[in-house]
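**Student:**
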Amino acid sequence: MYNSRALLSATTLAVIFLAGCSGKSDYYTLQPRLLPRHELRSIKTDHIVGIGEVQVADYLDKKELATRLGHSRMQIRQNSLWAGALNRNIQRVLKVNLSQLIPSRTFLAYPWEEPVSDSHRLFVTVDQFDGDSNGTVTLMGHWSLVDQRENRLVTGEDFRLTERGAPDTAGIVQTQNRLLERLSRIIAGKIRNRI
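Residue numbers (the numbering used here): 277 to 471.
#1: For LYS300, count the other beta carbons within 10 Å of its own beta carbon; 16 or more makes it buried, fewer makes it exposed. Which is it?
#2: Run through the DSSP bridge pairs and tell me what ILE471 is partnered with.
#3: Considering only C-alpha positions, which residue in the set GLY447, GLU457 and ASP337 is nearest to LEU362?
#4: SER395 to ASN410, Cα distance in whole Å?
#5: Per DSSP, what kind of secondary structure is THR305 in: helix, strand or coil?
#6: Quick check on the burial criterion: 16 or more other C-beta atoms within 10 angstroms. Buried or exposed for ALA342?
#7: What span of residues does the alpha helix (DSSP H) with LEU336 cover, start to end?
#8: Could you check the C-alpha separation between ARG309 and ALA446 for me, to the nearest Å?
#9: Would you mind sorting SER380 into buried or exposed? The rule is 16 or more other CB atoms within 10 Å of its CB.
#10: How would you call GLN452, buried or exposed, if buried means at least 16 neighbouring beta carbons within 10 angstroms?
#11: For a minimum of 4 consecutive residues, which ranges assigned as the alpha helix (DSSP H) are wholly contained in the segment 360–444?
#12: Under the three-state reduction of DSSP, which class applies to LEU345: helix, strand or coil?
#13: Look up LEU357 in the DSSP assignment and say whether it is helix, strand or coil.
#14: Using DSSP bridges, identify the partner residues of GLU340.
#15: Check this for me: beta carbons of LEU455 and LEU415, under 9 Å apart or not?
#16: State the DSSP-derived secondary structure class of GLY328, mapped to helix, strand or coil.
#17: Could you compute how far the alpha carbon of HIS347 sits from the alpha carbon of GLN404?
#18: Would you tell me roughly how many angstroms separate the C-alpha atoms of TYR303 and ASN355, rounded to the nearest one?
Put into structure tokens, the structure is as follows:
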């Protein structure tokens with residue numbers, strides 16, 4: 277009988293401890309700042325630019341948001357989670373932004389279901405996309421545009437964008453949205469007259 281009381285007490289304490297440890301999680305998503313007009317546009321099948329799957333650094337390829345504490349030190353925020361995969365989130369935002377910046381082209385996020393082929397494909401690699409304790413966010417990586425028909429590089433470049441915003445998680449995500457808009461404008465400016 278003593279053992280069953282001790283077991284019951286230990287179990288009760290464990291449940292209380294775990295209940296106290298489990299916190300409410302907050303979910304975040306990136307949002308395009310160049311919002312589409314509420315109109316239906318037909319797909320221009322001869323002017324399709326596919327946006328390939330965005331490659332992100334290993335430390336970004338997880339549900340939790342990462343905050344930079346130093347040059348080589350990261351904090352993974354266990355209760356601050358991405359609502360969906362970060363790479364798909366970035367791809368979606370780029371698609372909406374570029375569609376608004378270059379309306380003469382149809383941008384599709386690869387893979388798509390329509391039986392169409394893209395004449396050009398945009399590839400993006402993100403090596404860094406995090407904020408620090410001061411709210412400074414860095415977006416760094418490389419993008420390239422490939423002519424799918426001729427299998428050749430049209431243009432591309434490395435990028436490193438920084439901006440300071442609010443140091444809390446919501447502020448960092450808002451700053452990330454602004455940096456994705458800046459990247460979209462850079463890409464649009466480089467490819468607008470090339471395709």
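We treat Cβ as the ideally placed atom computed from N, Cα and C, and that holds for glycine.
**Tutor:** The answer reads as follows:
#1: As a working mapping, residue 300 is identified with position 24 in the sequence shown. Looking at its Cβ environment, which holds fewer than 16 other Cβ atoms inside 10 Å, LYS300 is exposed.
#2: Here the question's residue 471 lines up with position 195 in the sequence shown. Note: ILE471 sits in no beta bridge, so no partner.
#3: Taking the sequence shown and counting its residues from 1, the one referred to as residue 362 is at position 86. The residue with the shortest Cα to Cα distance from LEU362 is ASP337.
#4: Sequence index remark: in the sequence shown, residue 395 carries index 119 (1-based). Sequence index remark: in the sequence shown, residue 410 carries index 134 (1-based). One C-alpha to the other measures close to 43 Å.
#5: The sequence position of residue 305 within the sequence shown is 29, counting from 1. THR305: coil per DSSP, three-state reduction.
#6: By one-based count along the sequence shown, residue 342 stands at place 66. Burial call: buried.
#7: Taking the first residue of the sequence shown as 1, we reach residue 336 at position 60. No alpha helix (DSSP H) contains LEU336, which DSSP labels as neither H nor E.
#8: Residue 309 sits at position 33 when you count from the first residue of the sequence shown. Residue 446 sits at position 170 when you count from the first residue of the sequence shown. Taking the straight line joining both Cα atoms gives about 15 Å.
#9: Walking along the sequence shown from the start, residue 380 turns up at place 104. Burial call: exposed.
#10: Position 176 of the sequence shown holds residue 452. That one is buried.
#11: Listed in chain order, they are 362–377.
#12: Numbered from its first residue, the sequence shown carries residue 345 at position 69. It is coil, neither helix nor strand.
#13: Here residue 357 corresponds to residue number 81 of the sequence shown, with the count starting at 1. If DSSP states are grouped into helix, strand and coil, LEU357 belongs with the strands.
#14: Within the sequence shown, the letter at position 64 stands for residue 340. In DSSP, GLU340 forms a bridge with LEU357.
#15: Locating residue 455 in the sequence shown gives position 179, counting from the first residue. Locating residue 415 in the sequence shown gives position 139, counting from the first residue. Yes, these two residues count as a Cβ contact at 9 Å.
#16: Working through the sequence shown from its first residue, we reach residue 328 at position 52. Three-state result, GLY328: coil.
#17: The residue you call residue 347 lines up with position 71 of the sequence shown. The residue you call residue 404 lines up with position 128 of the sequence shown. Rounded to the nearest whole angstrom, the CA to CA distance from HIS347 to GLN404 is 12 Å.
#18: For this step, residue 303 is matched to residue 27 along the sequence shown. For this step, residue 355 is matched to residue 79 along the sequence shown. If I take the Cα positions, the gap works out to 8 Å.
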